[in-house]
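Peer 1: Start counting the sequence shown at 1; every next residue gets the next number (the working numbering).
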Amino acid sequence: MGKSGYVTLAGRPNVGKSTLLNRIVGRKIAITSPLAQTTRNRITGVLTRQDLQIIFVDTPGIMREKSKLNKIMVSTSIKSGGESDLLVYMADATKISIKEEKFTLQRLMGVKASKILAINKIDAVKKNDLLSLIDEMNKIALFTEIFPISARTGDGVDEMVDHIARVLPEGPQFYPDDMVTDQPEEFFIGEIIREKAFMNLSQELPYSTAVVVESVEDKPEGVTVIGAIIYVERESQKGIMIGKGGSMLKKIGSQARVELEERFQVKIYMDLRVKVRDKWTVNERSLMNLGYKK
Numbered sequence: 001m002g003k004s005g006y007v008t009l010a011g012r013p014n015v016g017k018s019t020l021l022n023r024i025v026g027r028k029i030a031i032t033s034p035l036a037q038t039t040r041n042r043i044t045g046v047l048t049r050q051d052l053q054i055i056f057v058d059t060p061g062i063m064r065e066k067s068k069l070n071k072i073m074v075s076t077s078i079k080s081g082g083e084s085d086l087l088v089y090m091a092d093a094t095k096i097s098i099k100e101e102k103f104t105l106q107r108l109m110g111v112k113a114s115k116i117l118a119i120n121k122i123d124a125v126k127k128n129d130l131l132s133l134i135d136e137m138n139k140i141a142l143f144t145e146i147f148p149i150s151a152r153t154g155d156g157v158d159e160m161v162d163h164i165a166r167v168l169p170e171g172p173q174f175y176p177d178d179m180v181t182d183q184p185e186e187f188f189i190g191e192i193i194r195e196k197a198f199m200n201l202s203q204e205l206p207y208s209t210a211v212v213v214e215s216v217e218d219k220p221e222g223v224t225v226i227g228a229i230i231y232v233e234r235e236s237q238k239g240i241m242i243g244k245g246g247s248m249l250k251k252i253g254s255q256a257r258v259e260l261e262e263r264f265q266v267k268i269y270m271d272l273r274v275k276v277r278d279k280w281t282v283n284e285r286s287l288m289n290l291g292y293k294k
């Protein structure tokens, strides 16, 4: 029997967890953006080698909750950590705050799995500063190993994965050799649309945005028609999302279409609409209807 196990990627928002997951599995399965809280759901990435399968789980960044959506995201992260064989706690070397790291790690105190520390973005800090950060992080939590890495360049990532492979228990293979994620196609499509909204919209609007893919239909002429709704919280946000003469919505749709065509190798037609769902980020029923559940 080979080795297998679940490894949760946890940490504060926007520390590079999704970039690391994509790097490890060799394919984009989790969206990224410069904005915090881009990841809202558990994203599973599967790495399969001979006699080894590691299931990595990317989780939403742990923050001080301000809304019901935030609370669901934090709950998702903590629950995932509790179900894993190993937890990788990620910190951004360029913006480590000992106070905030301590707060985040306290939220994970109930996780019984061993914890390793991955300090990301080492390509952006001086070596002396990095050593100081490692020393500071060592004082606030008990990590079995510490790995300075760069999820962007790949520096240190293979060494960390090799260590994870060594410490995982014996176990069965959970997924087929060629599977890198268990996320449904519709979920990935919705995430790409949301990523493009995040990349093109500023300030608070992206955080009030949710995407529901209603249909994916393959037409006989070789075109896949995707129907999706972008939800916002207020009428004023709807106007911004659509843009003058529909310019913003067209831009988001075009960027999503290009990436999805490259991914699926088919011609795609995007049918995007924008609807208002009042205060959906703080309404439990709306959150459930949009796919956000505890």
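Glycine included, C-beta positions come from ideal geometry on N, C-alpha and C.
Considering only their Cβ atoms, is the gap separating V266 from E233 smaller than 8 Å?
Peer 2: Their beta carbons are not under 8 Å apart, which means E233 does not touch V266 by this criterion.
Peer 1: Mapping the DSSP letters down to three states, classify P148 as helix, strand or coil.
Peer 2: Strand at P148.
Peer 1: Taking just the CA atoms, how far does L86 sit from D51?
Peer 2: Computed Cα separation, rounded: 18 Å.
Peer 1: Judging by CA-CA distance, which residue of Q183, Y207 and S202 is the nearest neighbour of D58?
Peer 2: Out of Q183, Y207 and S202, Q183 has the C-alpha closest to the C-alpha of D58.
Peer 1: Report the residue ranges of all beta strand (DSSP E) runs contained in full by the segment 27-89; include only those spanning at least 3 residues, in chain order.
Peer 2: DSSP runs (the beta strand (DSSP E)) wholly in the segment 27-89: 43-49 and 52-58.
Peer 1: With a threshold of 7 Å on Cβ separation, who are the neighbours of V111 within its own chain once the five nearest residues in sequence on each side are excluded?
Peer 2: So the qualifying residues of the chain are G81, G82 and L87.
Peer 1: If you draw a straight line from the C-alpha of G61 to the C-alpha of A256, how long is it?
Peer 2: Cα to Cα, G61 sits roughly 24 Å from A256.
Peer 1: Does the separation of the CB atoms of V213 and I226 fall below 8 Å?
Peer 2: Against a cut-off of 8 Å, the Cβ pair of I226 and V213 comes out as a contact.
Peer 1: Using only the alpha-carbon positions, how far apart do K127 and E145 sit?
Peer 2: Their Cα atoms are separated by approximately 18 Å.
Peer 1: Taking the alpha-carbon of S215 as reference, which of R194, E191, E186 and A197 has the nearest alpha-carbon?
Peer 2: Ranking R194, E191, E186 and A197 by Cα distance to S215 puts E186 first.
Peer 1: Would Y269 be called buried (16 or more neighbouring beta carbons within 10 Å of its own) or exposed?
Peer 2: It counts as exposed.
Peer 1: Would you call the segment 198-210 and the segment 162-182 touching, i.e. three or more CB-CB distances under 8 Å?
Peer 2: Flag = no, the segment 198-210 and the segment 162-182 do not touch.
Peer 1: Is R277 helix, strand or coil by DSSP?
Peer 2: In this structure, R277 counts as coil in the three-state DSSP scheme.
Peer 1: Is it buried or exposed for F97, if we count other Cβ within 10 angstroms and need 16 for buried?
Peer 2: Checking the sequence, you will find Ser at residue 97 rather than Phe. S97 comes out exposed.
Peer 1: Compute the beta-carbon to beta-carbon distance between A91 and I122, rounded to the nearest angstrom, for a pair I have assumed lies under 8 Å.
Peer 2: That belief does not hold up - the Cβ atoms of A91 and I122 are roughly 11 Å apart, past 8 Å.
Peer 1: In or out: E195 buried (at least 16 other Cβ within 10 Å) or exposed?
Peer 2: So E195 counts as buried.
Peer 1: On the DSSP bridge assignment, give the partners of T224 in chain order.
Peer 2: Looking at the DSSP assignment, T224 forms a beta bridge with D218 and I268.
Peer 1: How would you label K28, buried or exposed, when you count the other beta carbons within 10 angstroms and need 16 or more for buried?
Peer 2: Buried is the call here.
Peer 1: How about A210 and L272: are their beta carbons less than 8 Å apart?
Peer 2: Contact: no.
Peer 1: Where do the ends of the beta strand (DSSP E) carrying V7 lie?
Peer 2: V7 -> beta strand (DSSP E) spans K3 to G11.
Peer 1: Taking the alpha carbon of S84 as the reference point, which residue from K251, V167 and G190 has its own alpha carbon closest?
Peer 2: Residue V167 is the option with its Cα nearest to S84.
Peer 1: I'd like the span of the beta strand (DSSP E) that includes S114, first residue to last.
Peer 2: Counting along the chain, the beta strand (DSSP E) containing S114 begins and ends at S114 to N120.
Peer 1: Sorted by chain position, which residues of the same chain lie with C-beta nearer than 6 Å to G156's C-beta, five sequence neighbours on each side aside?
Peer 2: Cβ neighbours of G156 beyond the five flanking positions: F147, P148 and I149.
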